[in-house]
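Heads up: the sequence shown begins at 0 in numbering that gives the first Met the number 0, then just goes up one per residue. Each residue gets a CB set at the ideal place from its N, CA and C atoms; glycine is no exception. Before any comments, here is the structure.
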Amino acid sequence: MGMKTEPCPVPECDLPVDVVIKSSDDKFFGTHAVNLAVFSHAFPPASLASSYPASTDDPVCLTETGDVVELLLRCMHNQRQPDLLSPRSKVLIALAEAVEKYLVYPAMEICRLHMNRLADIYPKEVFAYAVKHGYPELLDQTAPLTLTWDAKEACEELSPTNFAVWVLYREGWLRVQRELRSLKLPAIEHKGGRMECDHWDRFHAQLLNLGLQGLTKWHARFSDLLGDVRCGWCYQRALTLRPMLEALITEYVKPASELERSVRSGDVTQCVE
0 MGMKTEPCPV PECDLPVDVV IKSSDDKFFG THAVNLAVFS HAFPPASLAS SYPASTDDPV
60 CLTETGDVVE LLLRCMHNQR QPDLLSPRSK VLIALAEAVE KYLVYPAMEI CRLHMNRLAD
120 IYPKEVFAYA VKHGYPELLD QTAPLTLTWD AKEACEELSP TNFAVWVLYR EGWLRVQREL
180 RSLKLPAIEH KGGRMECDHW DRFHAQLLNL GLQGLTKWHA RFSDLLGDVR CGWCYQRALT
240 LRPMLEALIT EYVKPASELE RSVRSGDVTQ CVE
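Structure follows, in structure tokens:
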């Protein structure tokens, strides 16, 4: 029985197949040592190349699935890049990770743009990608959307360094939440001498119940709650709370990208003051 070979996943490609790759779900793909050398800085092509034709008897095994490997290999050809709007989101996220892992520079930017597109839908996955591979704008975009992430799950998904970034970022918002609950605003005397009012009680309770996710959108949420206050005295009292809340956020919440730089440099003293 002869050796079994596999074709290149690019139909128009006429380069000889001298490397066979096996995916984690046991799919085989033919590829070319010369392309691996030109388009990737993480494959060791000289040691992968075999005598032509390459055989599935001695494949290079990757940890990515077949869907991801096929797109990855198609990115490593001198032709139009594959359509990345069609693959399922999870495949695209895995491809973006593989492109970084194997240093396929021509595909990095298009993958980053697609991860930006997926940020609101898969914030945890995109946050993990951004903090791992150094995309500060994407990191700051997704960090507020990860505050409800279970800490145990985050610890399992992130490296110790990147987990520290997430913990410090979330701790800033937790500090704001605690300080907000402890703020004491003097009551304003109402007509007739009343000091307390249901309008204030309702506004204050709703503000405290915003939660971490709601606090990250505090500008819009505060204005919405303020618009429902129908008592002029309570409205004025609520207005005094706005700059106080803004001051708390300015003091305790640092951008995730700033925390990431501090953690990697080993200078976290300013992060925990």
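inquiry  = Which same chain residues end up closer than 7 Å to Val252 when comparing Cβ atoms and leaving out the 5 residues on each side of it in sequence?
reply    = Gly171, Trp172 and Val175
message = Using the three-state DSSP reduction, which class does Lys216 fall into: helix, strand or coil?
response = coil
Asp82 vs Ala255 beta-carbon contact at 7 Å = no
request  = Determine the closest residue to Val67 out of Ile109, Val98 and Asp57, with distance taken between C-alpha atoms.
outcome  = Val98
message = What does the Cβ neighbour count give for Pro15, buried or exposed, with the cut at 16 atoms within 10 Å?
response = exposed
inquiry  = Can you tell me whether Cys110 is helix, strand or coil according to DSSP?
reply    = helix
key: Span of the alpha helix (DSSP H) around Lys123   = Pro122 to His132
key: Top-ranked residue by Cα proximity to Ala32, from Ser22, Pro58, Pro10 and His113   = Pro58
task = Report the rounded CA-to-CA distance for Tyr234 versus Leu225, giving the unit in angstroms.
result = 7 Å
key: Pair within 7 Å by beta-carbon distance, Phe42 and Val103   = no
request  = Could you tell me whether the region 4 to 12 touches the region 62 to 76, where touching means 3 or more Cβ pairs closer than 8 Å?
outcome  = yes
inquiry  = Going by beta-carbon coordinates alone, are Ile92 and Glu124 separated by less than 7 Å?
reply    = yes
Residue ranges of each alpha helix (DSSP H) within the region 185 to 239, 4 or longer = 197 to 207, 210 to 214 and 217 to 226
message = Short of 7 Å in beta carbon distance, which residues of its chain neighbour Ala163, apart from the five on each side in sequence? Order them along the chain.
response = Val262
key: Cβ neighbours of Gly65 in the same chain (closer than 7 Å, five flanking residues each side left out)   = Ser22, Asp24 and Lys26
message = If contacts are defined as beta-carbon pairs under 8 Å, then Glu259 and Val130 qualify, I think. What distance do you get, rounded to the angstrom?
response = 6 Å
query = alpha helix (DSSP H) containing Gly171: first to last residue?
reply = Pro159 to Ser181
query = Does the beta-carbon distance from Leu112 to Ser88 come in below 7 Å?
reply = no
task = Tell me Ile20's beta-bridge partners as DSSP assigns them.
result = Phe28 and Val59
query = CB Pro122 to CB Thr141, shorter than 7 Å?
reply = yes
Neighbour-count burial assignment, Cys110, 16 or more Cβ in a 10 Å radius = buried
Three-state secondary structure (DSSP) of Gly65 = helix
Option nearest Ala204 by Cα separation, candidates Cys154, Ala237, Thr249 and Val166 = Ala237
inquiry  = Just to confirm my understanding: we take Leu209, look at its own chain, exclude 5 residues before and 5 after, and list those with CB closer than 8 Å. What are they?
reply    = Trp217 and Arg220
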